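Following the working numbering, the numbering of the sequence shown begins with 5 at its first residue and continues without gaps. All C-beta atoms in this analysis are idealised placements derived from N, C-alpha and C, irrespective of residue type, glycine included. Only a predicted model underlies this, so the values are computations on that prediction, with no experimental measurement involved. Let me begin by presenting the structure, written as C-alpha coordinates, before commenting on it.
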Amino acid sequence: MTEIQKEEKSIQKEEIGSTYLEERQTFIFDTIKKAISIAEKGIEYDNEQDYRLSLEEYKKVEEALKSIQDELTGNSRVRVTELLTLYGNRIKEILPVVTTILQEEQSQITEKPKQNIHRPFHIMRILLKSIYDGTMLTVSVRIPNEIFFQSETSLLAINDKLDTCNILIENFMRIKNNRDISETSDCLKDLVSLTQQLNVIQNSLARILPFIPEVMGKEKKKSTRFKSFRNKKRGKIPTTVEYIEAITHVIQNSQFLDTWISYYESKEVIHKENLLKELTKVSSFLDQVFLNFVLRDLATLLETHLVKTQLNFFKL
(Lines of atoms letter the chains of each structure in order from A and count residues from 1; the text may use other names and numbers.)
(Lines give C-alpha, C1' and ligand atoms only; values in the text may rest on other atoms or scores of the structure.)
Protein backbone atom coordinates (compact mmCIF):
# COMPACT_ATOMS: atom_id res chain seq x y z
CA MET A 1 0.00 0.00 0.00
CA THR A 2 1.43 3.36 -1.03
CA GLU A 3 1.69 6.31 1.33
CA ILE A 4 -1.08 8.06 -0.62
CA GLN A 5 -3.38 5.05 -0.21
CA LYS A 6 -2.59 4.91 3.52
CA GLU A 7 -3.40 8.61 3.83
CA GLU A 8 -6.68 8.19 1.95
CA LYS A 9 -7.68 5.27 4.18
CA SER A 10 -6.82 7.29 7.29
CA ILE A 11 -8.96 10.18 6.06
CA GLN A 12 -11.85 7.80 5.34
CA LYS A 13 -11.65 6.42 8.90
CA GLU A 14 -11.67 9.94 10.32
CA GLU A 15 -14.67 10.85 8.18
CA ILE A 16 -16.55 7.73 9.25
CA GLY A 17 -15.71 8.44 12.89
CA SER A 18 -16.78 12.05 12.52
CA THR A 19 -20.05 11.06 10.85
CA TYR A 20 -20.78 8.54 13.61
CA LEU A 21 -20.15 11.13 16.32
CA GLU A 22 -22.41 13.63 14.59
CA GLU A 23 -25.16 11.02 14.30
CA ARG A 24 -24.85 10.10 17.98
CA GLN A 25 -24.90 13.77 19.02
CA THR A 26 -28.04 14.27 16.95
CA PHE A 27 -29.58 11.16 18.50
CA ILE A 28 -28.74 12.34 22.02
CA PHE A 29 -30.14 15.81 21.34
CA ASP A 30 -33.36 14.36 19.88
CA THR A 31 -33.70 11.96 22.80
CA ILE A 32 -33.38 14.77 25.36
CA LYS A 33 -35.84 16.90 23.41
CA LYS A 34 -38.33 14.02 23.29
CA ALA A 35 -37.84 13.29 27.00
CA ILE A 36 -38.59 16.92 27.89
CA SER A 37 -41.78 16.81 25.82
CA ILE A 38 -42.90 13.57 27.49
CA ALA A 39 -42.03 14.95 30.94
CA GLU A 40 -44.20 18.02 30.34
CA LYS A 41 -47.14 15.78 29.51
CA GLY A 42 -46.44 13.68 32.60
CA ILE A 43 -46.38 16.78 34.82
CA GLU A 44 -49.67 17.91 33.28
CA TYR A 45 -51.28 14.55 34.12
CA ASP A 46 -49.71 14.69 37.58
CA ASN A 47 -51.25 18.11 38.25
CA GLU A 48 -54.63 16.73 37.14
CA GLN A 49 -54.11 13.84 39.61
CA ASP A 50 -54.27 11.36 36.75
CA TYR A 51 -51.48 9.34 38.30
CA ARG A 52 -51.68 6.32 36.02
CA LEU A 53 -51.01 8.37 32.91
CA SER A 54 -48.35 10.46 34.66
CA LEU A 55 -46.65 7.24 35.81
CA GLU A 56 -46.55 5.96 32.23
CA GLU A 57 -45.02 9.21 30.98
CA TYR A 58 -42.41 9.37 33.76
CA LYS A 59 -41.35 5.79 32.98
CA LYS A 60 -40.88 6.76 29.34
CA VAL A 61 -38.72 9.72 30.42
CA GLU A 62 -36.66 7.47 32.68
CA GLU A 63 -36.14 4.93 29.89
CA ALA A 64 -35.13 7.62 27.37
CA LEU A 65 -32.62 9.31 29.69
CA LYS A 66 -31.06 6.03 30.79
CA SER A 67 -30.46 5.12 27.14
CA ILE A 68 -28.07 8.08 26.70
CA GLN A 69 -26.70 8.61 30.22
CA ASP A 70 -23.46 6.67 29.68
CA GLU A 71 -22.59 8.72 26.58
CA LEU A 72 -22.77 12.06 28.37
CA THR A 73 -19.96 13.88 30.14
CA GLY A 74 -19.55 16.89 32.40
CA ASN A 75 -22.54 19.08 33.24
CA SER A 76 -24.80 17.26 30.79
CA ARG A 77 -24.29 13.96 32.58
CA VAL A 78 -24.79 15.60 35.98
CA ARG A 79 -28.04 17.21 34.85
CA VAL A 80 -29.43 14.00 33.34
CA THR A 81 -28.51 12.09 36.51
CA GLU A 82 -30.38 14.70 38.57
CA LEU A 83 -33.44 14.35 36.34
CA LEU A 84 -33.32 10.57 36.61
CA THR A 85 -33.26 10.88 40.39
CA LEU A 86 -36.13 13.39 40.32
CA TYR A 87 -38.43 11.31 38.12
CA GLY A 88 -37.35 8.07 39.77
CA ASN A 89 -38.41 9.43 43.17
CA ARG A 90 -41.74 10.61 41.77
CA ILE A 91 -42.36 7.18 40.25
CA LYS A 92 -41.76 5.61 43.68
CA GLU A 93 -44.21 8.10 45.26
CA ILE A 94 -47.12 7.56 42.90
CA LEU A 95 -46.65 3.83 42.20
CA PRO A 96 -48.45 2.75 45.43
CA VAL A 97 -51.32 5.13 44.58
CA VAL A 98 -51.68 3.66 41.10
CA THR A 99 -51.49 0.13 42.49
CA THR A 100 -54.33 0.89 44.90
CA ILE A 101 -56.45 2.41 42.12
CA LEU A 102 -55.93 -0.64 39.90
CA GLN A 103 -56.79 -3.00 42.76
CA GLU A 104 -60.01 -1.10 43.47
CA GLU A 105 -60.94 -1.14 39.79
CA GLN A 106 -60.16 -4.84 39.55
CA SER A 107 -62.61 -5.52 42.38
CA GLN A 108 -65.25 -3.52 40.49
CA ILE A 109 -64.49 -5.29 37.21
CA THR A 110 -64.81 -8.86 38.49
CA GLU A 111 -68.53 -8.64 39.30
CA LYS A 112 -70.79 -8.39 36.26
CA PRO A 113 -73.71 -5.99 36.89
CA LYS A 114 -77.22 -7.46 37.03
CA GLN A 115 -78.99 -4.43 35.53
CA ASN A 116 -78.40 -3.46 31.90
CA ILE A 117 -78.14 0.21 32.84
CA HIS A 118 -74.78 -0.52 34.54
CA ARG A 119 -73.46 -2.71 31.69
CA PRO A 120 -71.69 0.01 29.61
CA PHE A 121 -69.78 1.27 32.64
CA HIS A 122 -68.68 -2.28 33.48
CA ILE A 123 -67.43 -2.84 29.92
CA MET A 124 -65.63 0.51 29.94
CA ARG A 125 -63.78 -0.39 33.13
CA ILE A 126 -62.61 -3.63 31.51
CA LEU A 127 -61.58 -1.71 28.41
CA LEU A 128 -59.66 0.86 30.45
CA LYS A 129 -57.74 -1.84 32.27
CA SER A 130 -56.95 -3.46 28.92
CA ILE A 131 -55.56 -0.17 27.63
CA TYR A 132 -53.37 0.29 30.70
CA ASP A 133 -51.95 -3.18 31.22
CA GLY A 134 -53.43 -5.62 28.73
CA THR A 135 -55.75 -7.42 31.11
CA MET A 136 -58.11 -10.24 30.17
CA LEU A 137 -61.05 -8.92 28.15
CA THR A 138 -62.92 -12.13 28.91
CA VAL A 139 -61.91 -15.35 30.66
CA SER A 140 -60.51 -16.72 27.39
CA VAL A 141 -59.48 -13.55 25.51
CA ARG A 142 -56.51 -11.39 26.46
CA ILE A 143 -56.00 -8.06 24.72
CA PRO A 144 -52.33 -6.95 24.75
CA ASN A 145 -52.16 -3.23 25.50
CA GLU A 146 -49.64 -2.61 22.71
CA ILE A 147 -52.43 -2.96 20.14
CA PHE A 148 -53.86 0.35 21.31
CA PHE A 149 -50.70 2.25 20.42
CA GLN A 150 -50.04 1.15 16.86
CA SER A 151 -48.96 3.77 14.35
CA GLU A 152 -50.03 3.90 10.73
CA THR A 153 -53.37 2.20 11.45
CA SER A 154 -56.31 3.64 9.55
CA LEU A 155 -59.56 3.93 11.52
CA LEU A 156 -62.85 4.97 9.95
CA ALA A 157 -63.99 8.57 10.65
CA ILE A 158 -61.37 9.02 13.39
CA ASN A 159 -61.80 12.83 13.31
CA ASP A 160 -65.51 12.58 14.08
CA LYS A 161 -64.96 9.98 16.78
CA LEU A 162 -62.29 12.13 18.41
CA ASP A 163 -64.62 15.15 18.27
CA THR A 164 -67.31 13.05 19.96
CA CYS A 165 -64.89 11.99 22.69
CA ASN A 166 -63.88 15.60 23.34
CA ILE A 167 -67.51 16.71 23.63
CA LEU A 168 -68.27 13.85 26.03
CA ILE A 169 -65.22 14.67 28.17
CA GLU A 170 -66.22 18.33 28.35
CA ASN A 171 -69.83 17.57 29.31
CA PHE A 172 -69.00 14.83 31.81
CA MET A 173 -66.35 16.96 33.54
CA ARG A 174 -68.68 19.96 33.71
CA ILE A 175 -71.40 17.97 35.46
CA LYS A 176 -69.03 15.95 37.65
CA ASN A 177 -67.13 19.01 38.90
CA ASN A 178 -70.11 21.31 39.44
CA ARG A 179 -72.91 19.11 40.77
CA ASP A 180 -73.48 17.32 44.04
CA ILE A 181 -75.41 14.06 43.77
CA SER A 182 -77.95 15.33 46.33
CA GLU A 183 -78.88 18.39 44.22
CA THR A 184 -81.54 16.39 42.41
CA SER A 185 -83.31 19.26 40.66
CA ASP A 186 -80.09 20.70 39.24
CA CYS A 187 -78.77 17.23 38.42
CA LEU A 188 -81.93 16.51 36.46
CA LYS A 189 -81.58 19.73 34.46
CA ASP A 190 -77.98 18.85 33.62
CA LEU A 191 -78.93 15.32 32.60
CA VAL A 192 -81.79 16.50 30.37
CA SER A 193 -79.43 18.94 28.66
CA LEU A 194 -76.81 16.20 28.31
CA THR A 195 -79.19 13.67 26.75
CA GLN A 196 -80.41 16.26 24.25
CA GLN A 197 -76.80 16.85 23.25
CA LEU A 198 -76.19 13.11 23.01
CA ASN A 199 -79.19 12.70 20.70
CA VAL A 200 -77.76 15.31 18.35
CA ILE A 201 -74.33 13.66 18.39
CA GLN A 202 -75.84 10.22 17.79
CA ASN A 203 -77.88 11.36 14.79
CA SER A 204 -74.88 13.20 13.35
CA LEU A 205 -72.70 10.10 13.68
CA ALA A 206 -75.47 7.92 12.23
CA ARG A 207 -75.06 9.82 8.94
CA ILE A 208 -71.37 8.88 8.85
CA LEU A 209 -71.27 5.45 10.52
CA PRO A 210 -73.97 3.07 9.23
CA PHE A 211 -73.80 0.85 12.32
CA ILE A 212 -74.91 3.72 14.62
CA PRO A 213 -78.73 3.75 15.05
CA GLU A 214 -80.61 7.03 14.72
CA VAL A 215 -82.60 8.35 17.66
CA MET A 216 -86.34 8.15 16.98
CA GLY A 217 -88.02 11.56 16.90
CA LYS A 218 -84.66 13.15 16.32
CA GLU A 219 -83.96 16.86 16.40
CA LYS A 220 -83.45 18.05 12.83
CA LYS A 221 -81.22 20.93 13.76
CA LYS A 222 -77.69 20.21 14.85
CA SER A 223 -76.44 21.73 18.06
CA THR A 224 -74.13 24.68 17.63
CA ARG A 225 -71.46 22.92 19.66
CA PHE A 226 -71.29 19.79 17.54
CA LYS A 227 -71.71 21.74 14.32
CA SER A 228 -68.65 23.81 15.21
CA PHE A 229 -66.62 20.62 15.48
CA ARG A 230 -67.93 19.19 12.22
CA ASN A 231 -67.44 22.39 10.20
CA LYS A 232 -64.05 23.44 11.48
CA LYS A 233 -61.13 23.23 9.10
CA ARG A 234 -59.47 19.85 9.42
CA GLY A 235 -55.80 19.66 10.15
CA LYS A 236 -53.78 16.48 10.10
CA ILE A 237 -55.56 13.22 10.83
CA PRO A 238 -55.32 12.39 14.57
CA THR A 239 -53.02 9.57 15.55
CA THR A 240 -54.31 6.36 17.09
CA VAL A 241 -52.53 7.31 20.32
CA GLU A 242 -54.42 10.63 20.51
CA TYR A 243 -57.69 8.82 19.89
CA ILE A 244 -57.02 6.14 22.52
CA GLU A 245 -55.99 8.82 25.01
CA ALA A 246 -59.33 10.57 24.45
CA ILE A 247 -61.17 7.27 24.95
CA THR A 248 -59.47 6.75 28.32
CA HIS A 249 -60.56 10.23 29.44
CA VAL A 250 -64.16 9.54 28.39
CA ILE A 251 -64.16 6.33 30.40
CA GLN A 252 -62.57 7.92 33.47
CA ASN A 253 -64.86 10.95 33.47
CA SER A 254 -68.06 8.96 32.89
CA GLN A 255 -67.76 6.62 35.87
CA PHE A 256 -69.41 9.07 38.25
CA LEU A 257 -72.66 8.46 36.34
CA ASP A 258 -72.58 4.80 37.37
CA THR A 259 -72.28 5.99 40.97
CA TRP A 260 -75.26 8.30 40.44
CA ILE A 261 -77.33 5.42 39.07
CA SER A 262 -76.58 3.23 42.08
CA TYR A 263 -77.32 6.11 44.45
CA TYR A 264 -80.67 7.02 42.90
CA GLU A 265 -81.67 3.36 42.63
CA SER A 266 -81.16 2.89 46.36
CA LYS A 267 -82.58 6.20 47.65
CA GLU A 268 -86.01 7.79 47.73
CA VAL A 269 -85.24 11.23 46.34
CA ILE A 270 -87.15 13.96 44.52
CA HIS A 271 -87.29 13.35 40.74
CA LYS A 272 -86.00 9.78 41.21
CA GLU A 273 -87.98 8.37 38.28
CA ASN A 274 -86.96 11.13 35.88
CA LEU A 275 -83.33 11.05 37.01
CA LEU A 276 -83.10 7.32 36.30
CA LYS A 277 -84.91 7.83 32.99
CA GLU A 278 -82.28 10.33 31.81
CA LEU A 279 -79.43 8.22 33.16
CA THR A 280 -80.82 5.26 31.22
CA LYS A 281 -80.61 7.38 28.06
CA VAL A 282 -76.96 8.22 28.81
CA SER A 283 -76.21 4.54 29.44
CA SER A 284 -77.91 3.64 26.15
CA PHE A 285 -75.79 6.20 24.27
CA LEU A 286 -72.59 4.85 25.77
CA ASP A 287 -73.65 1.34 24.77
CA GLN A 288 -75.09 1.94 21.28
CA VAL A 289 -72.78 4.74 20.17
CA PHE A 290 -69.55 5.15 22.14
CA LEU A 291 -68.80 1.48 22.84
CA ASN A 292 -70.21 0.54 19.45
CA PHE A 293 -67.52 2.43 17.55
CA VAL A 294 -64.77 1.90 20.13
CA LEU A 295 -65.12 -1.89 20.15
CA ARG A 296 -65.24 -1.98 16.35
CA ASP A 297 -62.01 0.01 16.28
CA LEU A 298 -60.57 -2.37 18.86
CA ALA A 299 -61.34 -5.25 16.47
CA THR A 300 -59.56 -3.38 13.66
CA LEU A 301 -56.51 -2.71 15.83
CA LEU A 302 -56.43 -6.32 16.99
CA GLU A 303 -56.62 -7.59 13.41
CA THR A 304 -53.78 -5.27 12.36
CA HIS A 305 -51.70 -6.42 15.33
CA LEU A 306 -52.24 -10.08 14.45
CA VAL A 307 -51.23 -9.50 10.82
CA LYS A 308 -48.03 -7.71 11.93
CA THR A 309 -47.28 -10.48 14.42
CA GLN A 310 -47.75 -13.12 11.75
CA LEU A 311 -45.45 -11.30 9.32
CA ASN A 312 -42.77 -10.89 11.98
CA PHE A 313 -43.08 -14.56 12.88
CA PHE A 314 -42.43 -15.64 9.28
CA LYS A 315 -39.30 -13.48 9.22
CA LEU A 316 -37.72 -15.56 11.97
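Judged by their CB atoms, I121 and L290 are not nearer to each other than the 8 Å cut-off. A residue is called buried once 16 or more other Cβ atoms fall within 10 Å of its Cβ, and N51, having fewer, is exposed. A check of alpha carbon separations from E61 across Y91, Q73, I36, F33 identifies Y91 as the nearest. Collapsing the DSSP output to three states places H309 in a helix. The alpha-carbon separation between V204 and L310 amounts to approximately 36 Å. With contact defined as three or more Cβ pairs closer than 8 Å, the stretch 248-262 and the stretch 157-177 are in contact. One Cα belongs to R211, the other to E218, and the distance between them is close to 8 Å. Contact between I255 and L131 holds, since their C-beta atoms are separated by about 7 Å, short of 8 Å. In the three-state scheme derived from DSSP, where H, G and I count as helix and E and B as strand, P124 is classed as helix. Proximity of the stretch 53-71 to the stretch 33-41 meets the contact definition, three or more beta-carbon pairs being nearer than 8 Å. Between the beta-carbon of F215 and that of N163 there is about 17 Å, and that puts the pair past the 8 Å contact cut. Sequence-distant Cβ neighbours of F152 in its own chain, meaning closer than 6 Å and more than five residues away, are I135, I248.
In terms of Cβ geometry, L198 and I185 do not form a close pair [threshold 8 Å].
If the five residues before and after I127 are omitted, its C-beta is found closer than 7 Å to the C-beta atoms of L295, all from its own chain and listed in chain order. When rounded, the separation of the alpha-carbon atoms in W264 and L209 is 27 Å.
The C-alpha of S266 is placed about 16 Å away from the C-alpha of L195.
The alpha carbon of I274 has as its nearest neighbour, out of Q154, L57, S189, the alpha carbon of S189.
T243 has its alpha-carbon roughly 32 Å from the corresponding atom of R83.
Take I98, set aside five residues on each side of it, and the residues of its chain with a beta-carbon closer than 6 Å to its own are Y55, L59, in chain order.
In its chain, beyond the 5 residues on either side, H126 have a beta carbon closer than 7 Å to the beta carbon of K116. Annotated as distal: L192 and L302, with beta-carbon spacing of 8 Å or more. Using a 10 angstroms sphere on the CB of I40, the tally of other CB atoms stays under 16, which defines it as exposed. With fewer than 16 other Cβ atoms inside 10 Å of its own Cβ, Q53 counts as exposed. Scanning its chain for C-beta atoms nearer than 7 Å, with the 5 sequence neighbours on each side dropped, one finds around T308 the residues Q154, T157, in chain order. Sequence-distant partners of D137 (beyond 5 residues in either direction) whose C-beta falls short of 7 Å from its own C-beta, in its chain, are N149. DSSP, read as helix, strand or coil, puts V219 in coil. Within the same chain, Cβ atoms closer than 7 Å to the Cβ of R183 are found at D190, C191, D194, the five residues on either side in sequence being excluded. Counted as a single uninterrupted DSSP element, the alpha helix (DSSP H) harbouring T244 occupies residues 244-270.
Here the alpha carbon of Y49 sits roughly 18 Å from the alpha carbon of L87.
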